[in-house]
Structure formats: structure tokens, C-alpha cells
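J.: If you want the working numbering, it's the position in the sequence shown, counting the first as 1, plus 14.
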Amino acid sequence: MRALWSQWKMDMLRTVRDRRVFLLTMGMPIAFYFIFIDETNPHLSASAPLWKGYFMVSMAAFGVVGSAVNTLGVRLAAERKSGWVRWFKTTPLSPVAYALSKILTQLVLSLLIVAAIFAVAHFDQGVTLKGEKWAEILGWLWIGSIPFAALGVVIGFFGNAAQILGTLVYLTLSFLGGLWTPISTMPSPLQPVARLMPTYRFAAPAWAILENKPVAINDVLILGVYAVLFIGLAALAQKWQDARPDL
Numbered sequence: 015m016r017a018l019w020s021q022w023k024m025d026m027l028r029t030v031r032d033r034r035v036f037l038l039t040m041g042m043p044i045a046f047y048f049i050f051i052d053e054t055n056p057h058l059s060a061s062a063p064l065w066k067g068y069f070m071v072s073m074a075a076f077g078v079v080g081s082a083v084n085t086l087g088v089r090l091a092a093e094r095k096s097g098w099v100r101w102f103k104t105t106p107l108s109p110v111a112y113a114l115s116k117i118l119t120q121l122v123l124s125l126l127i128v129a130a131i132f133a134v135a136h137f138d139q140g141v142t143l144k145g146e147k148w149a150e151i152l153g154w155l156w157i158g159s160i161p162f163a164a165l166g167v168v169i170g171f172f173g174n175a176a177q178i179l180g181t182l183v184y185l186t187l188s189f190l191g192g193l194w195t196p197i198s199t200m201p202s203p204l205q206p207v208a209r210l211m212p213t214y215r216f217a218a219p220a221w222a223i224l225e226n227k228p229v230a231i232n233d234v235l236i237l238g239v240y241a242v243l244f245i246g247l248a249a250l251a252q253k254w255q256d257a258r259p260d261l
């Protein structure tokens with residue numbers, strides 16, 4: 015436990031000190047939020063407050079997924095390439111503790127991203143919710159980010175291709191999952207595909223909470239299946255790496 019705590023603190027310090035990654039992780043979803051709620055957006059004429067709240071949730075999810083899939087994956091790939099992971103194998107720190115420290119760091123970063131988007135939406139765009147609604151949406155987006163952290167770990171095993179792959183996965187999941195535009199406005203052939211995306215199942219419960227609707231159990235179950243799948247892939251990738259003496 016002490017080794018895990020020390021590794022987590024070190025990971026957090028490294029993340030905070032990397033201002034470029036830290037600011038980009040938070041800056042991109044905030045910038046996209048302002049773009050999507052621009053006054054020229056035709057959806058605003060119908061229901062501006064609801065639309066601003068809808069995209070608040072969308073961009074919070076967008077930022078969390080980007081940080082987990084892209085940023086985490088690239089950092090893990092860089093650590094493996096630099097020999098950092100090989101060095102850890104010579105220390106008492108177990109592979110499980112190493113992976114847990116990364117996931118814990120990612121969970122803290124996800125919490126900060128969601129809080130930042132909420133602050134912008136509330137103080138700059140006038141999005142107002144009851145206290146419990148803020149807490150429920152934040153709590154779901156935080157817990158629901160775990161599958162994407164596991165996916166980021168998987169992408170980290172792709173070495174030099176991790177950055178390109180992470181970006182492609184991140185943007186594809188965001189677009190097809192309805193984080194950039196409601197799936198009802200997508201072409202009809204894409205709508206069934208969108209509902210299969212883990213990003214849609216991640217954001218849908220938060221949208222439901224925002225609109226005072228019951229959370230669909232299918233969204234939670236399907237995201238849970240994705241979590242098991244991604245964690246399983248991460249475990250298999252780790253087992254494959256451990257079997258290779260050159261890694």
C-alpha cells in the first residue's frame with residue numbers, strides 16, 4: 015500500500031508539472047464547449063439553457079475520454095519506450111500497483127476536467143442545477159470513466175503508434191458516440207452505430223440526470239461490459255509483455 019501511495023503521488027506530480035498536457039487536456043473540451051454553444055448554433059433558438067447544459071455534459075465526457083484514451087495511452091507508451099517500465103520490474107512495486115497508480119491518477123484528472131467544465135458552464139454560461147444534480151452528474155462521469163482509463167492502458171502497449179491510434183480512437187468514439195452532436199441529428203445509418211459506442215453509454219446517464227429522466231439500466235450494463243472487455247484486454251496485453259524478455 016505504501017508503494018502504491020508513493021507511486022501515485024509521483025504520477026500526480028509529473029502530471030501537474032507537465033503544463034502542456036495538463037492545459038491541453040482541459041483546454042480542448044472548454045474550447046469545444048464555447049464553439050458548440052455559440053449563439054449562431056441553430057439549436058440555441060429552441061432551448062438555450064437546456065442546450066448549454068447538454069453540451070456541458072457532452073464536453074465533460076469528451077474531455078474525460080480524451081484524457082484517458084489519448085493522454086494516458088501516450089504517456090504509458092513513452093514510459094515503456096524510455097525503459098521506465100523495465101526499471102520498475104527491478105523494484106518491489108508490483109505490476110498491479112503500477113497499473114492502479116495510473117488509474118488513480120487518471121481518476122483525479124477526470125474529476126478536475128469535469129469540475130472545470132462545470133465551472134465554465136455555470137459561471138460563464140449561466141447553467142444552473144440543484145446541488146444534488148451537479149453531484150450526481152459529476153459522480154457518474156467520474157465512475158463511468160474507468161472503462162476509458164482501461165482502454166488508455168491498452169493503447170499504451172502500442173508503442174510508437176500509441177499517439178496516432180489514441181487520437182483516432184478518441185475522435186472516432188467522440189463523434190460516433192454523439193458527444194459532438196446529438197445522435198438524433200446524425201444520418202439515419204449512423205444512429206444505430208452511435209448507440210453501440212461506449213461514449214454514448216457513458217454520456218447518456220448524465221444527459222438523463224440533467225433532463226430529470228430515469229437512468230436507463232441498459233446504459234450502465236453496456237458500459238459495464240465495455241469495462242470488463244477493456245480491463246481484460248489490458249490484462250492480456252500485460253501478460254504478453256511480461257512474456258517478452260526484451261520489454
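Virtual Cβ for every residue (Gly too), placed ideally from N, Cα, C.
Would Lys253 be called buried (16 or more neighbouring beta carbons within 10 Å of its own) or exposed?
T.: Result: exposed.
J.: Report the residue from Ala45, Leu126 and Lys66 whose alpha carbon sits nearest the alpha carbon of Pro196.
T.: Closest by alpha carbon: Lys66.
J.: Alpha carbon to alpha carbon, how far is Leu86 from Gly166?
T.: Roughly 6 Å between the two C-alpha positions.
J.: For Leu123 and Thr29, which I take to be in contact (beta-carbon distance under 8 Å), what is that distance rounded to the nearest angstrom?
T.: Contact holds; Cβ gap of about 6 Å.
J.: Is the beta carbon of Tyr240 closer than 8 Å to that of Asn84?
T.: No; because the gap between Cβ atoms is not below 8 Å, this pair is not in contact.
J.: Have a look at Ile178 and Tyr112 and give me their C-alpha separation to the nearest angstrom.
T.: Rounded to whole angstroms, Ile178 to Tyr112 spans 24 Å at the Cα level.
J.: Can you tell which of Ala220, Leu90 and Gly173 has the C-alpha that lies nearest to the C-alpha of Ser115?
T.: If we check each option's Cα against that of Ser115, Leu90 comes out closest.
J.: Once you ignore the five residues that flank Trp148 on each side, which residues in its own chain have a CB closer than 7 Å to its CB?
T.: Excluding sequence neighbours, Trp148 sits near Phe132.
J.: Report yes if the CB atom of Gly77 is closer than 8 Å to the CB atom of Thr39, and no otherwise.
T.: In this structure, Thr39 lies closer than 8 Å to Gly77 by Cβ.
J.: Looking at the secondary structure, which residues open and close the alpha helix (DSSP H) in which Thr213 lies?
T.: Thr213 -> alpha helix (DSSP H) spans Pro212 to Leu224.
J.: Leu126 to Glu225, Cα distance in whole Å?
T.: Cα to Cα, Leu126 sits roughly 23 Å from Glu225.
J.: By the 10 Å Cβ neighbour count, where 16 or more other Cβ atoms means buried, how is Gly180 classified, buried or exposed?
T.: So Gly180 counts as buried.
J.: With a 10 Å radius around its C-beta and 16 neighbouring C-beta atoms as the bar for buried, classify Pro201 as buried or exposed.
T.: That one is exposed.
J.: I'd like to check one pair, Ala82 with Ala208: are the Cβ atoms closer than 8 Å?
T.: Not in contact: Ala208 and Ala82 (Cβ atoms no closer than 8 Å).
J.: For Leu243 and Leu237, what's the separation of their Cα atoms in angstroms?
T.: Using only the alpha carbons, I get a separation of about 10 Å.
J.: Compute the Euclidean distance between the alpha carbons of Ser20 and Glu93, then round it to the nearest angstrom.
T.: About 17 Å.
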